[in-house]
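The listed protein sequences derive, respectively, from chains A and B. Just add 7 to wherever you are in the first sequence, counting from 1, and you've got my numbering. Just add 37 to wherever you are in the second sequence, counting from 1, and you've got my numbering.
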Amino acid sequence: MKRSFNKVFVAWVILISASVTGVYADGEEKLFFSKAYMTSAVISPKGTSIASIVNTEHGQELNISYEDKRPTRTLLNLSEFTPDNAYIGRLAWLDEQTLSTQFVEIKKGVEGLVDTQAVKFLLVIQIPKNAEDDPVIKSVRTKGQLVNPLGDENDAFLYAKSGLYSKVYKVKPSLLTPHKKRLNKLSKKDGGQFRKKNEVVSIKGYAVRWFFNSGGEIKGVLSFNAEGSLSLSNVGKDGEFNPLKSWDTSRWDNNGTDKKLIPIAIAEDENTFYCLDYNEQEVRSVYKVNFVKDSETLVYESSEYEIVNLITSENSSEVVGVKVMKNGELINHYTSTFDLGKQDRPDSSKSLSSKISETADGRLSLVFSESFNHPGQFILIDNKTQSKRIIGSTFPPIKNPLKTKQLEGQVQVDGLIIPYLINIPNTARKKKFPLIVYPHGGPIGPFDTKYYDASVQYFNAKGFAVLRVNFRGSGGHSIELKHAGTNQWGNLMLKDIREATRAVIKRADIDSDKVCIFGISYGGYAATMLTITDPSLFQCGVSMAGVSDVNLFLNSPYPSKVQDQWLKDNVGDTVADYDLIKSISPAYQIDKLERPLLIMHGDEDRVVDVEHAYRLKLMLDKYRKNYEWKIFENQGHSSDTVEQMQVLYKTATQFIRKHIHSK
Amino acid sequence: MKYWLFILGLGATLPAFSKTPPPLKLYPPDSVIQGVPIKKHEGLVLLELDVDGTASSIEFSRVRVKDQSYLKPNQNLQTAPMTYTLNFMDKPAGFYFFKLPKGLYQVKRIKVPYFNLPFKLDTNNRRTWRFSVDSDQVNFIGRLEIEKERVERSVRVDLINRIATKQSEIEQLIAPILKEFPLRNGVGVRDDFFSDLNKKVEASHETKLQ
């Protein structure tokens with residue numbers, strides 16, 4: 008009887024502990040931290056095919072799915088196509104059977120002094136009607152770029168070539184030669200198509216961008232002239248140029264105070280453009296600028312990464328997202344709206360739905376959809392019947408929405424509304440969850456969004472509730488909130504996080520005795536400082552790539568002159584404010600630390616140097632404090648590989664689990 | 038005869054007026070441990086190099102300040118006309134010493150070859166390219182990195198403050214001379230870290246730890 012009772016007791020303990028750790032066992036890091044699978048997709052003009060780029064374990068592939076549900080076909084497998092490090096991007100249908108993609112090969116230079124250069128080609132792929140035949144892969148050898156695929160016109164696209172005179176040519180894919188095929192004496196490069204008779208428009212000067220309206224007409228050009236000034240001109244119906252705006256680049260202010268708004272895409276009319284501010288410390292904001300009315304509106308902010316380009320729908324020229332640079336890789340971020348007023352507001356939806364491509368007749372749409380508990384997927388929608396079909400996912404292992412909850416709240420700190428997000432595991436058996444407070448990096452500009460965040464869902468799966476605070480300085484909300492972060496690194500930003508934590512631990516589903524704080528970059532700084540200053544609130548702290556000495560950070564060799572000035576204005580002056588800066592640096596406050604700390608850092612971090620981790624370590628040793636420490640070899644400021652990310656979150660989780668009960 | 042003496046005398050005095058003395062000699066740690074003559078008011082400067090043996094060099098000048106290891110608020114940078122040079126040709130990665138009189142210095146220019154095209158980076162006025170030297174000490178001025186990989190005609194060159202990261206390695210490397218020449222942080226901006234680290238833990242804190 009006693010033995011059987013023991014068995015029941017053991018089974019009960021196992022059951023309870025399973026509910027404490029959530030429904031996922033250890034080792035599930037791979038489920039949440041893996042390379043995105045499908046990264047972009049575009050529908051053909053008549054809708055018979057959908058082209059997509061996917062990442063496989065062998066590298067990138069270009070696939071074709073069919074409207075009639077024939078099996079998906081791989082058109083191009085990069086690892087088989089070239090032995091060099093290469094990637095493809097920007098898909099565009101030139102007609103129903105012809106697809107183009109930008110192909111980039113990284114060529115290493117001579118040994119001993121490596122001169123690495125990217126060699127770019129526009130690949131033009133003719134898809135055979137018979138699925139058993141191989142596609143014909145051609146390329147444009149003339150340096151330049153595709154500017155309009157002319158998807159509704161057979162065997163033609165517009166290609167721009169820049170130089171002293173910049174020209175747009177109409178090019179026929181059928182006259183191009185196969186990629187890398189040697190030309191004989193009788194064959195001309197690119198079929199001899201780059202000549203006067205194929206010219207569509209020409210401008211004196213080096214054209215950087217050509218702008219087209221939704222009807223495919225050339226409406227504007229951004230170009231440098233011989234004197235070095237940059238001009239934006241409207242292009243009339245007869246190809247005449249009417250100057251709209253000019254910038255004297257020799258007088259450009261590089262001190263970071265004035266905006267340098269450069270057009271990237273045309274908006275609703277020929278005088279209005281979506282622009283990026285190249286004087287921003289990191290280019291994260293998109294403005295809509297009317298150059299006739301001289302008016303500007305902030306319409307979009309990237310939550311985390313620097314914007315490199317805007318994504319426009321090839322069929323309609325509408326802007327549907329931004330291309331951002333993440334760990335040296337270009338990533339597409341789609342958006343449901345280019346209207347900051349409707350973006351990331353508390354009353355807006357928790358899911359994102361962005362129409363990224365449409366057939367010429369509007370019959371079918373390709374939509375990218377994402378929500379807080381489900382990573383993105385590409386969905387084909389029949390606009391007549393509203394029937395839906397999933398074409399592919401960014402993270403196929405997560406098929407169904409995760410059973411977690413996301414709630415929004417706000418707290419008032421010193422007269423300012425501070426918004427926050429709480430993510431709660433939805434395990435029915437458990438009533439109270441330990442809490443991880445997870446401040447974002449930046450800190451001025453970046454912010455936490457309501458959309459899918461793999462690390463948050465991972466912590467939820469491990470049984471932790473997660474609090475993300477959009478403290479002052481965060482973007483994506485009001486200008487007031489963002490500007491309130493100036494010179495508040497070690498002061499009100501930390502107070503915002505502290506006050507939001509105090510508000511959230513009052514919730515019935517949060518265990519107020521089990522709270523730890525984890526952050527990366529500025530988040531790591533905040534985690535360390537708050538672990539020192541608030542031992543009654545936080546049982547432990549985890550800092551990844553965190554700043555430990557603000558003076559060292561401000562005197563870092565890595566920022567440009569513009570960034571250096573920005574840091575001086577927004578964080579502090581290392582000469583005039585030295586004592587204040589020292590007082591908000593964890594390395595000099597570590598004698599007060601009462602709770603265990605985990606320090607992690609990449610040894611090749613070029614944003615927050617690894618010296619920060621070593622300074623903290625030496626001070627922790629000096630004062631004989633309780634800490635753990637991990638240096639990631641060959642890692643920069645953020646995790647460069649999914650393996651590094653898996654180790655980072657696993658290590659953090661194990662440390663938090665170990666110490667969260669130790670109050 | 039008088040004429041020749043004049044020529045010889047002129048030849049002997051001219052170098053003293055020259056504004057570019059010959060490049061400073063770089064010593065590996067072993068030579069310094071075996072003994073390098075140090076003049077009065079001179080300090081040993083320690084630099085960690087990772088320049089991949091390229092024929093790069095740096096030029097620097099003394100800042101016109103007295104007994105200061107960094108510039109104070111509202112103090113303008115003024116440098117002496119004499120330019121010192123360090124050549125890194127064929128120097129493998131590692132620690133190197135050179136000798137300099139006590140003072141604050143500004144690196145003004147870095148020359149990096151780019152195939153047959155010289156690449157020059159003007160670092161004048163940039164505070165992160167400043168370093169300080171104290172006499173009779175080992176002044177660690179950081180790690181100089183010149184990246185081997187050149188992407189699209191740009192090259193990354195940094196002088197990185199790494200006193201905490203490298204402390205243990207340096208102390209092991211030059212242990213025999215540390216008593217005579219204690220290690221100090223030779224950055225040219227205010228940075229209290231190393232001196233605060235080496236301050237004794239206050240008695241009240243010692244008690245608390247026990």
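All C-beta atoms, glycine included, are put in the ideal place defined by N, C-alpha and C. Source: prediction; values computed, not measured.
Check: Contact criterion: CB-CB distance below 8 Å. Does Tyr630 of chain A meet it with respect to chain B?; Outcome: yes
Check: Measure the beta-carbon distance from Glu68 of chain A to Leu85 of chain A and round it to whole angstroms, keeping in mind my assumption that it falls under 8 Å.; Outcome: 7 Å
Check: Does the distance from the C-beta atom of Tyr585 of chain A to that of Arg227 of chain B stay below 8 Å?; Outcome: yes
Check: Could you spell out where the beta strand (DSSP E) holding His608 of chain A opens and where it closes?; Outcome: Leu604 to Gly609
Check: Is there at least one Cβ from chain B nearer than 8 Å to Val578 of chain A's Cβ?; Outcome: no
Check: How would you label Tyr285 of chain A, buried or exposed, when you count the other beta carbons within 10 angstroms and need 16 or more for buried?; Outcome: exposed
Check: Does the beta carbon of Thr540 of chain A come closer than 8 Å to any beta carbon on chain B?; Outcome: no
Check: Between which two residues does the beta strand (DSSP E) containing Ala472 of chain A stretch?; Outcome: Ala472 to Val476
Check: For a contact defined as C-beta to C-beta under 8 Å, what are the partners of Ala201 of chain B on chain A?; Outcome: Glu618, Tyr621, Arg622, Lys624 and Leu625
Check: Using beta-carbon positions only, say whether Trp681 of chain A and Val154 of chain A come within less than 8 Å of one another.; Outcome: Residue coverage of chain A in this structure runs from 8 to 670, which leaves residue 681 of chain A outside it and unanswerable.
Check: Could you give the distance in angstroms between the alpha-carbon of Val654 of chain A and the alpha-carbon of Leu442 of chain A?; Outcome: 21 Å
Check: Apart from the five residues on each side of it in sequence, which residues of its chain come closer than 6 Å, Cβ to Cβ, to Phe110 of chain A?; Outcome: Ile95, Phe128 and Leu130
Check: Out of curiosity, what's the CA-to-CA distance linking Pro353 of chain A and Phe280 of chain A?; Outcome: Summary for Pro353 of chain A: the model assigns pLDDT 40, below 50, so the residue's position carries little reliability; its value from the coordinates is reported in the next sentence. Answer to the nearest angstrom: the Cα atoms are 28 Å apart.
Check: Nearest by alpha-carbon distance to Asp576 of chain A: which of A:Val522, A:His644, A:Ala534 and A:His490 is it?; Outcome: A:His490
Check: If you count every other CB in all the chains shown that lies within 10 Å of the CB of Phe662 of chain A, and 16 or more means buried, which is it?; Outcome: buried
Check: Please report the Cβ distance between Tyr459 of chain A and Pro382 of chain A, rounded to the nearest whole angstrom; I am assuming they are in contact, meaning their Cβ atoms lie under 8 Å.; Outcome: 5 Å
Check: Between the stretch 578-594 of chain A and chain B, which residues of the former have CB atoms less than 7 Å from a CB of the latter, in chain order?; Outcome: Thr581, Val582, Ala583, Tyr585, Lys589 and Ala594
Check: Measuring only between beta-carbons, confirm whether Tyr565 of chain A sits less than 8 Å from chain B.; Outcome: yes
Check: From which residue to which residue does the alpha helix (DSSP H) around His490 of chain A run?; Outcome: Ile486 to His490
Check: Who are the near neighbours of Thr397 of chain A in its chain, counting only those whose CB is closer than 6 Å to its CB and skipping five residues on each side?; Outcome: The sequence as given places Ile at residue 397 of chain A; Thr does not occur at that position. Gln384 and Ile386, listed in sequence order.
Check: Along the stretch 211-223 of chain B, what residues have a CB closer than 9 Å to any CB found in chain A?; Outcome: none
Check: Indicate whether Val615 of chain A and Ala533 of chain A have their beta-carbon atoms separated by less than 8 Å.; Outcome: no
Check: Taking only three categories from DSSP, how would you classify Pro353 of chain A?; Outcome: With a pLDDT of 40 at Pro353 of chain A, under the threshold of 50, the modelled position of that residue is not reliable, and the figure given next carries that caveat. Coil at Pro353 of chain A, not helix or strand.
Check: What does Leu559 of chain A reach in chain B if we use C-beta pairs closer than 8 Å?; Outcome: Asn198, Asp228 and Phe230
Check: Leaving out five residues before and five after Pro403 of chain A in sequence, what residues of the same chain have Cβ atoms less than 6 Å from its Cβ?; Outcome: Tyr44
Check: Is there contact here, the stretch 118-138 of chain B with the stretch 62-74 of chain B, by at least three beta-carbon pairs under 8 Å?; Outcome: yes
Check: Tell me the residue span of the alpha helix (DSSP H) that contains Arg509 of chain A.; Outcome: Leu499 to Val511
Check: Determine the extent of the alpha helix (DSSP H) in which Tyr595 of chain A is found, giving its start and end residues.; Outcome: First-last for Tyr595 of chain A: undefined, no H or E at that position.
Check: When the cut-off is 8 Å and only beta carbons count, does Asn562 of chain A lie next to chain B?; Outcome: yes
Check: Just list the residues that DSSP pairs His666 of chain A with in beta bridges.; Outcome: Answer by DSSP bridge pairing: none, since His666 of chain A is not bridged.
Check: Going along the chain, which unbroken runs of the beta strand (DSSP E) with 3 or more residues stay wholly within the stretch 95-155 of chain B?; Outcome: 121-124, 131-138 and 140-151
Check: Looking at chain B, is there any beta carbon in it that lies within less than 8 Å of the beta carbon of Asp389 of chain A?; Outcome: no
Check: Between A:Val242, A:Lys469, A:Met536 and A:Met500, which has its C-alpha nearest Arg664 of chain A's C-alpha?; Outcome: A:Lys469
Check: Cβ closer than 7 Å: which chain B residues qualify as neighbours of Asp556 of chain A?; Outcome: Phe230
Check: Please classify Ser232 of chain B: does DSSP put it in a helix, a strand, or coil?; Outcome: helix
Check: So is Asp195 of chain B in contact with chain A if we call contact Cβ pairs under 8 Å?; Outcome: yes
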